[in-house]
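Please read the structure below before turning to the comments.
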Amino acid sequence: MARSLRPLLLAALLWLPQVPAAAASEQIDAASGLPVIAAAALPAEARDTLRAIERGGPFAYERDGVVFKNYERVLPKQRRGYYHEYTVKTPGARNRGARRIVCGQPVECYYTGDHYKTFKRIREQP
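Quick note on numbering: the sequence shown equals residues -23 to -1, 1 to 103 in mature numbering (1 follows the signal peptide of the UniProt record, and there is no 0).
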């Protein structure tokens, strides 16, 4: 019986999505369950936005700093007003583009390059 299941198991394995090696070794933030990205690994424009957040501004866009309502429920659930969003400039974009940094208090920041579909927790290098 076990012998007859082998072709079926092999076929099932072939249908499973392939996980790239980098994704398999990606660090996950324990608190949020989201992947982690080092601040140094962010695009240069995102690092510029992080520095502006740390300084308290000035910001390039009028909507920077508005409350992020987490409608997508990708980020950990928090009280309303906890998260604030900031635009990450996108070279060549005629509008604000899709890239954002969303921060909560005290300093809990996440990066999205696809307009809130996915997030990565930003970690400073030790």
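All residues carry an ideal CB built from backbone N, CA and C; glycine is no exception.
So, under 8 Å CB-CB, LEU11 and ARG98 are touching, yes? Tell me the CB distance rounded to an integer number of Å. 5 Å
Going by Cα to Cα distance, which pick from GLY58, GLY34, PHE96 is closest to GLN82? GLY58
Quick check on DSSP: helix, strand or coil for residue 105? The requested residue 105 does not occur in the structure, where the chain is confined to residues -23 to 103.
So ASN47 and TYR63 are supposed to be a Cβ contact under 8 Å. How far apart are they, rounded? Contact flag wrong, Cβ pair sits at about 15 Å.
Of all the alpha helix (DSSP H) runs that stay within the bounds of the segment 20 to 64, which reach a length of 4 or more residues? 21 to 32
Decide if ASP41 is buried, meaning its Cβ has at least 16 other Cβ atoms within 10 Å, or exposed. buried
Run the CB neighbour count on residue 107, radius 10 Å, all protein chains shown included, and call it buried at 16 or more, exposed below. Outside the modelled stretch of the chain, which goes from -23 to 103, sits residue 107, for which no answer is possible.
In three-state DSSP terms, what is PRO15? Looking at the sequence provided, one finds Ala at residue 15 rather than Pro. Residue state, collapsed to three classes: strand.
Just curious, the beta strand (DSSP E) that TYR87 is in, first and last residue? 85 to 89
List the whole-angstrom C-beta distance separating GLY90 from ARG76, where the pair is believed to meet the contact cut-off of C-beta under 8 Å. 5 Å
Measuring alpha carbon to alpha carbon, tell me which residue in ARG56, GLN55, ALA37, GLU31 is nearest GLY74. ALA37
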